[in-house]
Structure formats: C-alpha cells, structure tokens
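Note that the UniProt record's numbering numbers the sequence shown so that position 20 is 20, with each residue one more than the last.
To keep things clear, I will list the structure first and then write my remarks on it.
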Amino acid sequence: MSPNCDTRNLPRASSEWQKTFPLAPPLTNFLAELSYAPRPYKHFCPSKAHRPTYLAMLAWLMRGAWVTQLCTFAYVIVWPEIIYEVEHKLESDELRKADDTSSLSTSSGARSSSSGILNSVDE
Numbered sequence: 001m002s003p004n005c006d007t008r009n010l011p012r013a014s015s016e017w018q019k020t021f022p023l024a025p026p027l028t029n030f031l032a033e034l035s036y037a038p039r040p041y042k043h044f045c046p047s048k049a050h051r052p053t054y055l056a057m058l059a060w061l062m063r064g065a066w067v068t069q070l071c072t073f074a075y076v077i078v079w080p081e082i083i084y085e086v087e088h089k090l091e092s093d094e095l096r097k098a099d100d101t102s103s104l105s106t107s108s109g110a111r112s113s114s115s116g117i118l119n120s121v122d123e
C-alpha cells in the first residue's frame with residue numbers, strides 16, 4: 001500500500017472497487033497481496049487473458065493513491081541494422097585514430113631524422 005493513501009476511505013473504496021471490478025478479489029485482499037512482498041505485477045495476474053483487466057485495476061489503484069509505483073523497467077530492442085551501423089562506426093573511428101597516431105609518430109620521426117641530418121651537415 002502507498003504511504004499516501006487514506007485508510008479512512010477504505011470502506012467506500014472497497015464498495016466502488018467491487019462495482020468496477022466485480023470478478024476481482026476484494027480490495028483489502030488485493031492490497032494485502034500487493035503489499036506482502038515486492039515482485040513484478042504480472043505475477044498477480046492469473047493469465048494473459050486477464051492482463052487488460054488487471055492493468056485497469058492497477059490504474060484504478062494508482063489514481064486513488066492506494067499503490068505507488070516503485071520502479072519502471074523497459075526493454076529496448078535494437079534492430080540488427082542499427083547494431084551493424086554502430087559497430088561499423090566504432091571500427092572506422094578506431095582505424096582513424098590508429099592512422100592519426102601512426103601519421104603523428106611518422107611525421108615526428110621524420111622531423112627528428114631531418115634535424116639529425118642538418119646537425120651532421122652543420123658539423
């Protein structure tokens with residue numbers, strides 16, 4: 001149960017619950033089940049066929065401040081084409097960095113060798 005709920009309204013809410021969801025368990029029993037231990041809400045639903053009704057029940061409970069949402073989970077599905085594009089971009093960035101570092105080391109090496117040649121000519 002939510003710490004924000006007003007338990008003085010429980011009798012009135014129970015009768016409204018029974019009118020809105022006649023086949024659902026009594027409000028007090030359902031709140032007790034929800035409060036027993038934190039677990040995913042889908043475990044309270046008897047079957048997939050009941051899921052829309054149980055989601056409507058959850059919405060009713062949240063609107064009435066009888067329950068509070070603790071956390072939300074979302075599944076992100078990434079298409080294979082996007083995964084390929086990201087991997088390709090990462091590889092090209094790594095190759096570009098490798099080319100940049102090798103060109104910097106080659107150009108600095110050329111400078112030092114050319115300065116060495118100049119020094120030997122000056123001597």
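We treat Cβ as the ideally placed atom computed from N, Cα and C, and that holds for glycine.
None of these values were measured; they are calculated from a predicted model.
(request) Go to Q18, then tell me how far its alpha helix (DSSP H) extends in each direction, as first and last residue. (result) In the sequence shown, the residue the question calls residue 18 occupies position 18. Unbroken alpha helix (DSSP H) run through Q18: 10 to 20.
(request) Out of L55, P40, F44, R63, point me to the one whose CA is closest to C5's CA. (result) Along the sequence shown, one-based indexing puts residue 5 at 5. Answer by Cα proximity: R63.
(request) Tell whether a beta-carbon distance below 8 Å holds between L27 and S14. (result) For the purposes of this step, residue 27 is identified with residue 27 of the sequence shown, where counting begins at 1. For the purposes of this step, residue 14 is identified with residue 14 of the sequence shown, where counting begins at 1. For the 8 Å CB-CB criterion, L27 and S14 form a contact.
(request) Please report the residue range of the alpha helix (DSSP H) in which R51 lies. (result) Counting from one through the sequence shown, the residue named residue 51 turns up at place 51. Run containing R51: 51 to 63, per the alpha helix (DSSP H) assignment.
(message) For a test of the three-state rule: what should DSSP assign to A98, helix, strand or coil?
(response) One-based indexing of the sequence shown puts residue 98 at position 98. Correct three-state label for A98: helix.
(request) Please work out which residues of its chain come closer than 6 Å, Cβ to Cβ, to Y54, disregarding the five sequence neighbours upstream and downstream, and give them in chain order. (result) Counting from 1 along the sequence shown, the entry for residue 54 is found at position 54. The answer, listed in chain order, is C45.
(message) Is it buried or exposed, L31, if we count other Cβ atoms within 10 angstroms and call 16 or more buried?
(response) One-based indexing of the sequence shown puts residue 31 at position 31. Around the beta-carbon of L31, 16 or more other beta-carbon atoms lie within 10 Å, marking it buried.
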